[in-house]
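Have a look at the structure below before the remarks.
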Amino acid sequence: MTKRILIVDDAAFMRMMIKNIVVKHGYEVVGEAENGLQAIQLYKEVSPDLVTMDITMPEMDGIQGVKEIRKIDPNANIIVCSAMGQQAMVLEAIQSGAKDFVVKPFQQDRIIQAIERVLGR
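The sequence shown begins at 504 in my numbering and counts up by one.
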């Protein structure tokens, strides 16, 4: 069965880039959100197998988004995407329940490797 992914990033081009990579590798994108609030709502609606979550976003950042999604689903698979120089925030995201992180700008292989590791492929 195809694994379903929710992509969360405030930058439309970044969502498109991640979507292109994951679709090319056989995953289904079941939703896109531009902030943590939208991510929580979509998570409830589509129940994805995995979420890619940007850290720095308006309205609700990725760390808070991770915490809120984990309240809904303690077993949620979340990979955090962050820009260089956000190590402290990445650490906080992992402590909040994210299962891996990818540093932007990322290599296509790295994001697939993270997804496969988290989903146990």
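Just so it is clear, CB atoms sit at the ideal spot from N, CA and C, and this is done for glycine as well.
Rounded straight-line distance, which links the Cα of residue j to that of residue i
i, j, result
"Met504", "Asp552", "11 Å"
"Lys511", "Asp564", "Just to set this straight, residue 511 is Val in the shown sequence, not Lys. The alpha-carbon atoms of Val511 and Asp564 are separated by roughly 10 Å."
"Gln616", "Ile597", "17 Å"
"Val526", "Val532", "7 Å"
"Leu594", "Gly529", "30 Å"
"Gln590", "Thr559", "12 Å"
"Asp603", "Glu562", "23 Å"
"Ile521", "Leu622", "17 Å"
"Gln611", "Arg573", "26 Å"
Where the beta strand (DSSP E) through residue i begins and ends
i, result
"Arg624", "Element bounds for Arg624: n/a, residue is neither H nor E."
Top-ranked residue by Cα proximity to residue i, from the options
i, options, result
"Gln544", "Lys527, Val569, Ala514, Thr559", "Val569"
"Val554", "Glu562, Pro561, Gly539", "Gly539"
"Glu548", "Asp576, Pro561, His528, Asp557", "Asp576"
"Ala515", "Ile524, Glu531, Glu535", "Glu535"
"Gly600", "Ala579, Arg613, Arg620, Asp557", "Ala579"
"Met517", "Glu619, Ile566, Asp557", "Asp557"
"Ser585", "Pro608, Ile521, Gly623", "Pro608"
"Tyr546", "Asn523, Asp612, Ile508", "Ile508"
"Ala625", "Met519, Ile581, Lys506, Ile618", "This structure cannot speak to residue 625, because the chain is shown only from 504 to 624."
Practice item. Identify every run of the alpha helix (DSSP H) within the region 564-621, keeping only runs that are complete inside it and at least 4 residues long; order them along the chain. Key: Unbroken alpha helix (DSSP H) runs of no fewer than 4 residues, entirely contained in the region 564-621, are found at 565-575, 590-598, following chain order.
Exercise for review: Jot down the residue ranges of each uninterrupted beta strand (DSSP E) in the region 514-565, minimum 3 residues, whole runs only, in chain order.
Suggested key: The DSSP assignment places 531-536, 553-557 as complete runs of the beta strand (DSSP E) inside the region 514-565, in order along the chain (cut-off: 3 residues).
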